[in-house]
Structure formats: structure tokens, C-alpha cells
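Engineer: One structure, as C-alpha cells, below. Some questions next.
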Amino acid sequence: MTVATPHVLVHRADPARGLLIWVHGGSWRSGSAAAWSPMTAELADRSGWTVLSVDYRLAPEHPYPAAVGDVLAVLDRFALQDSTLPVALGGDSAGATVTLLAALQRRDTPVLLLLAYPPLDPECEAASYREPGAAVFTAQLRQSWRLWLRPSSLPSLEDLKGLGPVTLVVGERDPVRDDATALADRLRRSGVPTDLHVLPGIGHADILNPGSRTLTTLVNTLTSPERTSS
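UniProt numbering puts the sequence shown at residues 1 to 230.
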């Protein structure tokens with residue numbers, strides 16, 4: 001099936017160190033490239049990477065795998081056809097989930113992955129989902145999973161061999177923390193170079209906050225020659 005290339009909001013760096021495709025959060029049913037533009041513009045400015053922020057299709061009108069297909073269409077059109085610059089694929093929250101699922105379908109052309117606090121368990125069963133103050137978030141996330149996945153299920157995340165290097169960032173107080181740390185363990189078992197950053201005192205959606213430590217961590221990855229060399 002052919003997927004039309006979705007709208008992208010471009011923040012250009014000149015000269016550009018590389019090309020980063022960004023997938024916004026919003027529980028798969030809200031958010032937009034425009035709403036995330038202060039963050040993605042700052043990311044481009046501080047990293048020196050041109051950022052393409054994807055307006056992917058949202059649930060419930062467009063459940064899984066529509067968003068994954070949209071991201072793949074952008075990756076194939078704008079990034080994988082041009083090998084002159086390093087390429088990275090990243091996202092926050094639900095967008096990080098979409099990012100990972102898209103990357104798993106392009107293991108033959110692995111790219112650097114930036115994953116900020118991805119939820120990965122539709123049942124939200126890990127201990128971090130039951131910590132004090134997490135109940136409302138957890139209930140809302142379960143509902144978002146149901147709206148996004150119906151009637152599908154996630155592919156297995158056990159075999160992650162072939163992915164490009166991964167930087168994972170999650171807050172110590174984020175209900176999805178255990179999902180992120182478990183993913184880091186699986187990535188390492190699969191032989192994927194993985195940097196995990198658990199930020200003390202930080203909750204969910206930090207990347208949208210002024211002075212975000214999550215954003216700074218991603219900038220540090222994008223400006224590190226060891227992580228971004230082609």
C-alpha cells in the first residue's frame with residue numbers, strides 16, 4: 001500500500017550536521033508539529049541538525065499502524081534517499097513508540113534513534129505505573145493504547161537486532177520509566193549500542209518544559225561525534 005507523504009514542519013540548520021526526523025507525543029491522539037514547534041526549533045538551533053517534524057495521522061480516526069506508515073514515508077522520502085548527511089529518527093512519549101516501531105521496519109538501513117520516555121506496554125503493568133501520583137496518568141494511557149491499537153497488537157519487541165545506536169531518556173518520576181529501562185535491557189541483549197539516561201526528579205513530558213534536561217541530553221547526543229558519525 002502506498003502512503004502519501006504527510007506534512008512536515010522543517011527547522012533548517014545551515015550548515016547542517018545531519019537530518020533528524022521528529023515524531024511528537026500526545027498519546028497517539030493529539031499533538032501536532034506546530035504545537036511542538038518551540039521544542040523542535042530549539043532542538044535544531046542547539047544541535048545544528050535540520051529537524052523535520054512529522055504531522056502524522058492520529059487516533060481514533062487513524063489507529064495503528066497509520067502513524068508508523070506516515071513516519072516511514074517521511075524517512076524514505078527525505079532521509080534514506082540522501083546519504084550525504086547523518087540521519088536520526090526521534091520522538092517523545094507516544095512519538096517515541098512510533099519511532100521505535102518505524103525503525104524496526106527499516107533495520108536494513110539503520111539510523112541513530114533518540115527515544116524520550118516511550119510507553120511500550122499497553123497494559124501498563126510495570127511497577128512504575130503504580131507509584132504514588134501515577135494513577136490518573138496510567139488510566140489515561142491505557143485508554144489511549146486501546147484507541148490507538150484497536151484491533152491490532154504491537155509487534156514483539158524481544159528481537160531488536162539490527163537497529164542503529166539508541167539514546168533513551170526517561171525521568172526518574174515518569175510512570176513509563178520501567179518501560180524505558182526494560183527496553184534498554186532488551187536493546188543491549190540484542191547487541192544494539194544503547195545509552196540510557198534516567199534523569200533524577202523528572203516526570204513525564206519534560207521535553208516541553210523550559211530548560212528541559214531531556215532536550216539537553218538529546219542535544220548532547222546529536223553533537224557527539226562518537227554517536228553521530230556516518
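Ideal Cβ placement from N, Cα and C applies to all residues, glycine included. Owing to the predicted nature of the structure, the values given are computational and were not obtained by experimental measurement.
#1: If we require 3 or more residues per run, which beta strand (DSSP E) segments fall completely within the segment 183–221?
#2: Taking three-plus beta-carbon pairs below 8 Å as touching, is the segment 94–109 in contact with the segment 124–140?
#3: CB-CB under 7 Å to residue 66, same chain, minus the five flanking residues each way: which ones, in chain order?
#4: Quick check on residue 230: does DSSP put it in helix, strand or coil?
#5: Can you give the Cα-Cα distance for residue 230 and residue 151, rounded to whole angstroms?
#6: Could you name the residues of the same chain whose beta carbon sits closer than 6 Å to that of residue 43, not counting the 5 residues immediately before and after it, in chain order?
#7: Could you please give me the residues that DSSP links to residue 171 through a beta bridge?
#8: Can you tell me whether residue 212 is buried or exposed, with buried defined as 16 or more other CB within 10 angstroms of its CB?
#9: Identify every run of the beta strand (DSSP E) within the segment 1–67, keeping only runs that are complete inside it and at least 3 residues long; order them along the chain.
#10: CA-CA distance, residue 95 and residue 224?
#11: Taking the alpha carbon of residue 122 as the reference point, which residue from 97, 115, 112 has its own alpha carbon closest?
Structural biologist: In short:
#1: 194–199
#2: no
#3: For this step, residue 66 is matched to residue 66 along the sequence shown. These residues qualify, in order along the chain: 57.
#4: Taking the sequence shown and counting its residues from 1, one reaches residue 230 at position 230. Note on residue 230: pLDDT 49, under 50, position unreliable in the model; no value is reported.
#5: Translated into the one-based positions of the sequence shown, residue 230 becomes position 230. Translated into the one-based positions of the sequence shown, residue 151 becomes position 151. Because residue 230 sits at a pLDDT of 49, beneath the cut-off of 50, its placement in the model cannot be relied upon, and the point is left open.
#6: For the purposes of this step, residue 43 is identified with residue 43 of the sequence shown, where counting begins at 1. Result list for residue 43: 51, in chain order.
#7: As a working mapping, residue 171 is identified with position 171 in the sequence shown. DSSP, once it has assigned bridges, lists 199 as partnering residue 171.
#8: Position 212 of the sequence shown holds residue 212. Result: buried.
#9: 8–11, 19–23, 50–54
#10: On the sequence shown, residue 95 is found 95 positions in, with the first residue counted as 1. On the sequence shown, residue 224 is found 224 positions in, with the first residue counted as 1. Taking the straight line from one Cα to the other gives about 23 Å.
#11: Along the sequence shown, read from residue 1 onward, the residue named residue 122 stands at position 122. That would be 97, whose Cα lies nearest to the Cα of residue 122.
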